[in-house]
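S.K.: I am attaching a structure below and will ask some questions about it afterwards.
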Amino acid sequence: MASNDSLDLKTARRLLNTTEDLHAKGWYHSLALPDGSVIQGTQSLERLERRLAALPIPLDLRGKRVLDIGAWDGWFSFAMERRGAEVLAVDCVEIENFRYAHRKLGSKVDYRIMDIYDITPERVGRFDIVLCLGVIYHLKHPLLAIERVCDLTRGLAIIESFVADENHTHTEYPWMEFYESDELGGQADNWSGPNEECFLAFCRTAGFARVTMLEHTTDHRMSIACYRRWEPADSSTAPAPTLQLALHSQNNGINFSTRHDEYVSAWLLSSRHDLNRDNVYPEICGYGVRPIYVALVGENRWQINFKLPPGLPAGWQDLRVRLNDTPFSNPVALAVDVPATASNLHLKSACDGVDWTTGRVLYEHGRVTLWVSGLPANADLHNVRVYLGAARLTPDYLQPEPDREGYRQINARFPRTLEPGAADLTVCLGETGSNHFPMVVAG
Ligand SMILES: C[S@@+](CC[C@H](N)C(=O)[O-])C[C@H]1O[C@@H](n2cnc3c(N)ncnc32)[C@H](O)[C@@H]1O
């Protein structure tokens, strides 16, 4: 049986209902028309002005692109246009009020009907400022939507939502209410109510560098400023960390795809003892991203893990890392959306990986070493495949640079299931396979 507490909570959620007022007025946003008249909506002009004044948006937006997601009657879109921005307003339903206001104001705001999940940089480009106000709680997949917002943002996104907790009630773990039916405000199109911590965590996790709470009002509204870039470094002379290595966190390769949710593991040398997720600043192509993991793994050696920042162009991109009071480290290049292809792989020789006997591997040694030419610069431990007979081996070393004849050494471990006897060794990358090199598995 439900407790009184949960009954009270459910009643409170259901009472958050503004539909009657909305139906009576016919407009959500109030609107001042050029003839001096004002259309009164559920949100008064004073309230709208107050909401806008709380946002860190410059008054002069000339030369800037702004996206307003969930524009409804369009008050925020038209306000951004008045500041000089080129504005795209998007909503998942076409709102006649928006069209009316657009005509009356002589607006040039571009208006498109799209679902938030379908608004991609390929379709609409990227924006200096993205507004996503009052939309998140309407969504079943709030984190996915905030990831979309991050990918569309070059500078600043303002994300505002209903939040389920009272002001600043800190809990040990973030949590979110889920509304299967009309529990929130008696409306069936409200799905999720994150608490304050959860909403902040979603924004950080989506790939923003810095996330700052702007307001958490008594009517359960919270707005967050989400920045793609770190604040400029001060002119400290503290020594920069040394960046040793950066790999794909799951497959140990150097290739990354912007089409997937991918994480980088990087290793830093720093004599500092206090590194944590708040004072380590990775950056690629100017986009910062907050680490999800920072740990000391050796003497002065730190491992950090972080999401590949959304919005990177295809190509070799430099990762750099700075600490809160240092300049940036040396760069380490990652291959982002770079196709890995080879036209001609030549396997010159192979031997046991422990006693170096050519053409024979001992089962108990479990390792093979080989030399292959024709690999592209972005060949890595994940995309290079090594087979001994039908068994797939696990490469754990790939010589970074080819020797003078173009060959790179690969060391690979073989599985315990490997059968003894004669077997051909081959190296493959994508569709291309090398010549076969005859081997014997002994022991
Ligand atoms: C509460 S209103 C917010 C209006 C305005 N942004 C504001 O904050 O004053 C929510 C708006 O989000 C739109 N919306 C809801 N789900 C959406 C989705 N999946 N994609 C795009 N817009 C959506 C609704 O149609 C509506 O216009």
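Everything in the sequence shown is counted per my numbering, starting at 110 for the first residue and increasing by one.
Yeah, the Cβ is synthetic: ideal placement off N, Cα and C, and Gly gets one too.
Just so you know, these numbers come straight off a predicted model, no measurement behind them.
1) Hey, quick one: how far does the beta strand (DSSP E) through Glu392 stretch, first residue to last?
2) Since Leu490 and Pro504 should fall inside the 8 Å C-beta cutoff, what is the C-beta to C-beta distance between them, to a whole number of angstroms?
3) Any idea what DSSP makes of Pro342, helix, strand or coil?
4) Which partner residues of Ala355 appear in the DSSP bridge assignment?
5) For Ile435, does the count of other Cβ atoms within 10 angstroms reach 16, so buried, or fall short, so exposed?
6) Counting only C-beta atoms, is Ser345 closer than 8 Å to chain C at any point?
7) Is Cys201 near ligand 1, going by C-beta to nearest heavy atom under 7 Å?
8) Take Arg122 as the anchor and find which of Ala198, Gln296 and Pro165 has the nearest alpha-carbon.
9) Which residue wins for smallest C-alpha separation from Met285, given the options Ala273, Arg368 and Asp291?
10) Report back the beta-carbon spacing between Phe317 and Cys335 to the nearest angstrom; my notes put them in contact at under 8 Å.
11) Write down every uninterrupted run of the beta strand (DSSP E) in the stretch 206-281 whose length is 3 residues or greater and which is fully enclosed by it, in chain order.
12) Looking at the unbroken beta strand (DSSP E) that takes in His325, where does it start and where does it end?
13) Regarding Gln152 and ligand 1, is the C-beta to nearest heavy atom distance less than 7 Å?
14) Which same chain residues, not among the five before or five after Ser112, have their C-beta less than 6 Å away from its C-beta?
15) Is the Cβ-Cβ distance between Tyr396 and Ile413 less than 8 Å?
16) Could you give the distance in angstroms between the alpha-carbon of Met110 and the alpha-carbon of Thr120?
17) Excluding five sequence neighbours on each side, which residues of the same chain lie with their C-beta closer than 7 Å to the C-beta of Asn360?
18) Output the distance between the C-alpha atoms of Gly539 and Gly483, rounded to the nearest integer angstrom.
19) Who are the Cβ neighbours of Ala210 in its own chain at under 7 Å, not counting the five residues just before and after it?
20) Please tell me whether, using a cut-off of 7 Å, the distance from the CB of Ile393 to the nearest non-hydrogen atom of ligand 1 is below it.
21) Just to confirm the assignment, what range does the beta strand (DSSP E) spanning His455 have?
22) Round the Cβ separation of Pro251 and Ser301 to the nearest angstrom and send it over; I've been treating them as touching at under 8 Å.
23) Name the two residues that bound the continuous beta strand (DSSP E) containing Asp505.
24) Among Gly135, Leu124 and Pro230, whose alpha-carbon lies nearest the alpha-carbon of Arg174?
25) Would you kindly check if the distance between the Cβ of Leu417 and the Cβ of Glu355 is under 8 Å?
26) Relative to the alpha-carbon of Arg522, which residue among Thr535, Glu510 and Arg501 has its alpha-carbon at the smallest distance?
27) What are the start and end residues of the beta strand (DSSP E) that includes Asp427?
28) Return the Cβ separation of Val389 and Leu432 in integer angstroms, given the expectation that the two are a contact with Cβ distance under 8 Å.
29) Identify whether Arg522 lies in helix, strand or coil by the three-state DSSP scheme.
30) Using the Cβ count rule (16 or more neighbours within 10 Å means buried), how would you classify Asn453?
31) On the CB-based measure, 16 or more other CB atoms within 10 Å of its CB, does Asn385 come out buried or exposed?
32) Can you give the Cα-Cα distance for Ala572 and Gln508, rounded to whole angstroms?
33) What residue from Ala444, Tyr496 and Lys134 has the CA that sits closest to Gly542's CA?
M.R.: The relevant details are as follows:
1) Val389 to Ile393
2) 5 Å
3) For the record, residue 342 in the displayed sequence is Ala; it is not Pro. Here Ala342 sits in coil by DSSP.
4) Ala375
5) Reading the sequence as shown, one finds Thr at residue 435 and not Ile. Answer is buried; the Cβ neighbour count reaches 16.
6) Among the protein chains of the structure shown there is no chain C, as only one such chain exists.
7) yes
8) Gln296
9) Ala273
10) 4 Å
11) 219-222, 236-242 and 262-271
12) Arg319 to His325
13) yes
14) Residue placement at Ser112 cannot be trusted, given a pLDDT of 47 that sits under 50; what the coordinates show is reported in the next sentence. So no residue of the chain qualifies.
15) no
16) A caution first: Met110 carries a pLDDT of 37, below 50, which makes its placement in the model unreliable, though a value can still be read off. Going by the C-alpha atoms only, they are around 16 Å apart.
17) His491
18) 13 Å
19) Leu140, Asp182, Gly183 and Phe187
20) no
21) His455 to Asp461
22) 5 Å
23) Ala500 to Leu507
24) Pro230
25) First, the amino acid is wrong: residue 355 is Ala here, not Glu. Contact: no.
26) Arg501
27) Gly424 to Leu432
28) 6 Å
29) strand
30) exposed
31) exposed
32) The requested residue 572 does not occur in the structure, where the chain is confined to residues 110 to 552.
33) Tyr496
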